[in-house]
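Visitor:
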Amino acid sequence: MHWRALQEGRVYIKQNFTDAQITVADIQERIIQDDTHMANRIMHFSKGLCRSCQFWNLKHYELTDMIKQIKLQGLIFFTFSAADLHWPELYKLMPLSNNSEASDKTKLQNIIDNSHIVMWFFSKQFEIFFNDILKK
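Numbered per the UniProt record's numbering, the sequence shown spans residues 1 to 136.
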């Protein structure tokens with residue numbers, strides 16, 4: 001993403017500042033004067049950077065437009081991603097962790113070392129969600 005951001009930045013500069021040379025002092029002056037025009041243009045231009053906030057906002061609006069076109073109401077999306085660092089119940093099952101207050105590094109290592117427990121726990125969580133929420 002870093003390389004892509006640099007490339008996008010070069011393209012932005014070439015497309016928007018060909019007439020006059022802009023300096024760091026010019027940019028600082030615009031910031032002091034609370035001129036948000038350039039910042040807004042940069043933010044808009046960065047929507048092509050994968051994983052950036054602008055990228056996901058663009059995808060959100062595209063998806064919203066698609067839903068409006070097919071005229072669906074009340075559509076819900078489930079990602080089924082695991083909040084594996086935020087489940088105290090999961091860490092009670094881990095062999096080396098008696099403490100739910102363990103550091104994130106310890107929790108991550110437990111997840112790596114005990115992936116079979118994590119998979120079982122996630123499967124159980126999904127099964128409960130599916131049977132108790134989606135089927136009703």
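Every residue gets a Cβ at the ideal spot worked out from N, C-alpha and C, and that includes glycine.
Would you kindly work out how many angstroms separate the C-alpha atoms of residue 131 and residue 106, rounded to a whole number?
Guide: Along the sequence shown, read from residue 1 onward, the residue named residue 131 stands at position 131. Along the sequence shown, read from residue 1 onward, the residue named residue 106 stands at position 106. Cα to Cα, the separation comes out at about 32 angstroms.
Visitor: Is it right to say residue 40 is buried, meaning 16 or more other beta carbons lie within 10 angstroms of its own, or is it exposed?
Guide: As a position in the sequence shown, residue 40 is number 40, starting the count at 1. The residue is exposed, with fewer than 16 neighbouring Cβ atoms inside 10 Å.
Visitor: For residue 91 versus residue 114, is the C-beta spacing smaller than 8 angstroms?
Guide: The residue labelled residue 91 in the question sits at position 91 within the sequence shown. The residue labelled residue 114 in the question sits at position 114 within the sequence shown. Not in contact: residue 91 and residue 114 (Cβ atoms no closer than 8 angstroms).
Visitor: What is the C-beta distance between residue 117 and residue 134, in whole angstroms, given that I count them as a contact (C-beta under 8 angstroms)?
Guide: Reading the sequence shown from its first residue, position 117 is the one you call residue 117. Reading the sequence shown from its first residue, position 134 is the one you call residue 134. Incorrect: roughly 25 angstroms between the Cβ atoms, too far for contact.
Visitor: Measuring CA to CA, which of 120, 86, 129 is closest to residue 108?
Guide: The count along the sequence shown starts at 1 and reaches residue 108 at position 108. The candidate whose alpha carbon is nearest that of residue 108 is 86.
Visitor: According to the neighbour-count rule (16 or more other Cβ atoms, all chains shown, within 10 Å of its Cβ), is residue 121 buried or exposed?
Guide: Reading the sequence shown from its first residue, position 121 is the one you call residue 121. It counts as buried.
Visitor: Could you pull the start and end residues of the alpha helix (DSSP H) that residue 123 belongs to?
Guide: Residue mapping note: residue 123 aligns to position 123 of the sequence shown, counting from 1. Taken as a continuous stretch (DSSP letters only), the alpha helix (DSSP H) holding residue 123 covers 115-129.
Visitor: Tell me whether residue 34 sits in a helix, a strand or coil according to DSSP, three-state version.
Guide: As a position in the sequence shown, residue 34 is number 34, starting the count at 1. If DSSP states are grouped into helix, strand and coil, residue 34 belongs with coil.
Visitor: Suppose you measure from the CA of residue 76 to the CA of residue 67; what does that come to, to the nearest Å?
Guide: By one-based count along the sequence shown, residue 76 stands at place 76. By one-based count along the sequence shown, residue 67 stands at place 67. Cα to Cα, the separation comes out at about 11 angstroms.
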